[in-house]
Amino acid sequence: MKKWIENSVKVIISLGLIIYLISEADPQKILDVLGHITSPKGFLLLLLAIFLTLAAILLMSMRWKILLKGYGYRLSLSRLYSFYLIGLFFNNFLPTSIGGDVIRIYKAVAEIDERAVGFASVIIERMMGIAATLFMAIVALFFISQEFKSPRLLYTSIGLFVIIGLFFLVIIRNRPFAIMLRLFDKFTIFKIGEKLNKLLEAIHYFKDKRRVLLYVFLFSLMSQTMIVFMNYALSRAFEVDVSLNMLFMVVPVSFVLTMLPSINGLGVRDLGFVSLLGRVGVSKAGALSLSFMNLLIPMAVSIWGAFLFVIQKKKTREGEIDVVKSTF
11 MKKWIENSVK VIISLGLIIY LISEADPQKI LDVLGHITSP KGFLLLLLAI FLTLAAILLM
71 SMRWKILLKG YGYRLSLSRL YSFYLIGLFF NNFLPTSIGG DVIRIYKAVA EIDERAVGFA
131 SVIIERMMGI AATLFMAIVA LFFISQEFKS PRLLYTSIGL FVIIGLFFLV IIRNRPFAIM
191 LRLFDKFTIF KIGEKLNKLL EAIHYFKDKR RVLLYVFLFS LMSQTMIVFM NYALSRAFEV
251 DVSLNMLFMV VPVSFVLTML PSINGLGVRD LGFVSLLGRV GVSKAGALSL SFMNLLIPMA
311 VSIWGAFLFV IQKKKTREGE IDVVKSTF
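Just so we're aligned, residue 11 is where the sequence shown starts under this note's numbering, counting upward by one.
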């Protein structure tokens, strides 16, 4: 019942914001902007945007591979890339983006047969991705601060970045880590404490491998940079006049907004694009067109993930049947 209410609130927020923003921008003007991709130049730029999206996913897969290699597990990049696409599919078609992470954890655990490592690798990668996104937003806000009279956005981004930094600092430091272990040992019901401690130990494992965490952070920056360039290509396709510097601020901040209660960021991300780009003279129709493509392109790409999921599931079942046959 509680989950149903929570999802209902998310649907109301997302649909309410979308309906409001579209009505404010004028549906016909949005269609006129989107219509630019039918030109030869617009279509080529759209293909470039799709390619940059795939490149961003590849970089995310590489950072995941680096983490797993740090634990001593060597999974092929193509395998991890397929897991990422499958996770992206579930992100786009489940009420929350956490769904895709759960699928990736499940896939990783199935490959390495180590639950704590599977969980920790995805959690670290996810948090490093958010940290890199916030870092980009902070740097961009410093450079274009004259266009934003309120420092609230900057302070919020810095605050969230510091919180993530403190989390990793506490986990990798021996003394705070030992305190947390003793604290979780008290949760004996359903072995919750034991499971949490295994997860903490898996994260703490990198206390002497900080270079691995640095590489993961750098790959996160590169993947977010690809997403920014993807938006820049789309802005040129739609003939929306916005600078690359501005997109280096708008894209990361709008991504952070998707963590607010909504259906996969629908509505809140669009509000971010409209509000931020509107301050530099971009029309609501142009801003919404860019924001919509940040949803539609990953959705289109993730269809590939759906096919991979079905194929991998079929192979797993065939393998199980072969095992059963071999026992008789």
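We put the beta carbon where it would ideally sit given N, CA and C, even for glycine.
Source: prediction; values computed, not measured.
So, residue i versus residue j, is the Cβ gap smaller than 9 Å?
{"i": "residue 215", "j": "residue 130", "result": "yes"}
{"i": "residue 239", "j": "residue 47", "result": "no"}
{"i": "residue 276", "j": "residue 24", "result": "yes"}
{"i": "residue 1", "j": "residue 312", "result": "Any property of residue 1 remains undetermined from this structure, which presents the chain solely from 11 to 338."}
{"i": "residue 118", "j": "residue 85", "result": "yes"}
{"i": "residue 280", "j": "residue 27", "result": "yes"}
{"i": "residue 138", "j": "residue 71", "result": "no"}
{"i": "residue 122", "j": "residue 91", "result": "no"}
{"i": "residue 263", "j": "residue 163", "result": "yes"}
{"i": "residue 62", "j": "residue 126", "result": "no"}
{"i": "residue 219", "j": "residue 128", "result": "no"}
{"i": "residue 284", "j": "residue 35", "result": "yes"}
{"i": "residue 150", "j": "residue 259", "result": "yes"}
What is the rounded straight-line gap between the Cα of residue i and the Cα of residue j?
{"i": "residue 153", "j": "residue 73", "result": "28 Å"}
{"i": "residue 183", "j": "residue 30", "result": "48 Å"}
{"i": "residue 336", "j": "residue 174", "result": "The predicted position of residue 336 is uncertain, since its pLDDT is 39 and thus under 50; no value can be drawn from it."}
{"i": "residue 101", "j": "residue 56", "result": "22 Å"}
{"i": "residue 315", "j": "residue 303", "result": "18 Å"}
{"i": "residue 134", "j": "residue 270", "result": "20 Å"}
{"i": "residue 207", "j": "residue 54", "result": "51 Å"}
{"i": "residue 187", "j": "residue 178", "result": "10 Å"}
{"i": "residue 109", "j": "residue 103", "result": "9 Å"}
{"i": "residue 22", "j": "residue 185", "result": "45 Å"}
{"i": "residue 65", "j": "residue 192", "result": "43 Å"}
{"i": "residue 223", "j": "residue 37", "result": "45 Å"}
{"i": "residue 15", "j": "residue 273", "result": "13 Å"}
{"i": "residue 170", "j": "residue 144", "result": "8 Å"}
{"i": "residue 68", "j": "residue 166", "result": "30 Å"}
{"i": "residue 75", "j": "residue 325", "result": "23 Å"}
{"i": "residue 17", "j": "residue 98", "result": "20 Å"}
{"i": "residue 306", "j": "residue 197", "result": "43 Å"}
{"i": "residue 338", "j": "residue 112", "result": "Reliability fails at residue 338, whose pLDDT of 33 lies under 50, so the model's placement of it is uncertain and the value that follows must be treated cautiously. Those two C-alpha atoms are separated by around 35 Å."}
{"i": "residue 250", "j": "residue 301", "result": "12 Å"}
{"i": "residue 241", "j": "residue 189", "result": "45 Å"}
{"i": "residue 172", "j": "residue 49", "result": "45 Å"}
{"i": "residue 93", "j": "residue 32", "result": "34 Å"}
{"i": "residue 268", "j": "residue 136", "result": "14 Å"}
{"i": "residue 124", "j": "residue 321", "result": "24 Å"}
{"i": "residue 88", "j": "residue 217", "result": "28 Å"}
{"i": "residue 211", "j": "residue 116", "result": "19 Å"}
{"i": "residue 254", "j": "residue 232", "result": "15 Å"}
{"i": "residue 221", "j": "residue 161", "result": "33 Å"}
{"i": "residue 132", "j": "residue 228", "result": "16 Å"}
Residue i: buried (16+ other C-beta within 10 angstroms of its C-beta) or exposed?
{"i": "residue 332", "result": "Any reading at residue 332 needs caution, since the residue's pLDDT is 47, under 50, leaving its predicted position unreliable; the model's value is listed next. Classification for residue 332: exposed."}
{"i": "residue 266", "result": "buried"}
{"i": "residue 176", "result": "exposed"}
{"i": "residue 317", "result": "exposed"}
{"i": "residue 319", "result": "buried"}
{"i": "residue 334", "result": "The predicted position of residue 334 is uncertain, since its pLDDT is 33 and thus under 50; no value can be drawn from it."}
{"i": "residue 120", "result": "exposed"}
{"i": "residue 114", "result": "buried"}
{"i": "residue 77", "result": "buried"}
{"i": "residue 245", "result": "buried"}
{"i": "residue 213", "result": "buried"}
{"i": "residue 226", "result": "buried"}
{"i": "residue 19", "result": "exposed"}
{"i": "residue 257", "result": "buried"}
Could you tell me how far apart the beta carbons of residue i and residue j are, in whole angstroms, since I believe they sit closer than 8 Å?
{"i": "residue 10", "j": "residue 292", "result": "A query on residue 10 cannot be resolved here, the shown segment of the chain reaching from 11 to 338 and no further."}
{"i": "residue 59", "j": "residue 297", "result": "Actually they do not touch by this definition, with Cβ atoms about 16 Å apart."}
{"i": "residue 51", "j": "residue 295", "result": "At roughly 19 Å, the Cβ-Cβ gap does not stay under 8 Å, so residue 51 and residue 295 are not in contact."}
{"i": "residue 309", "j": "residue 234", "result": "Contact doesn't hold; Cβ gap of about 19 Å is too wide."}
{"i": "residue 148", "j": "residue 168", "result": "6 Å"}
Does any residue of chain C bring its CB to less than 9 Å from the CB of residue i?
{"i": "residue 258", "result": "The displayed structure is made up of one protein chain only, and chain C is not part of it."}
Quiz item: Residue ranges of each alpha helix (DSSP H) run of no fewer than 4 residues wholly in the stretch 202-275, ordered along the chain?
Solution: Qualifying alpha helix (DSSP H) stretches, in chain order: 202-214, 220-247, 254-267.
Practice problem: Write down every uninterrupted run of the beta strand (DSSP E) in the stretch 60-95 whose length is 3 residues or greater and which is fully enclosed by it, in chain order. | Solution: Within the stretch 60-95, no complete beta strand (DSSP E) run reaches 3 residues.
Exercise. Ignoring anything shorter than 4 residues or poking outside the stretch 121-172, list the alpha helix (DSSP H) runs there in chain order.
Key: With a minimum length of 4 residues, the continuous alpha helix (DSSP H) runs that stay inside the stretch 121-172 are 125-153.
Practice problem: Tell me the start and end of each unbroken alpha helix (DSSP H) in the stretch 11-43 that is at least 4 residues and wholly inside, in chain order. | Solution: DSSP assignment within the stretch 11-43 yields the following whole alpha helix (DSSP H) runs of 4 residues or more, N-terminal first: 12-35.
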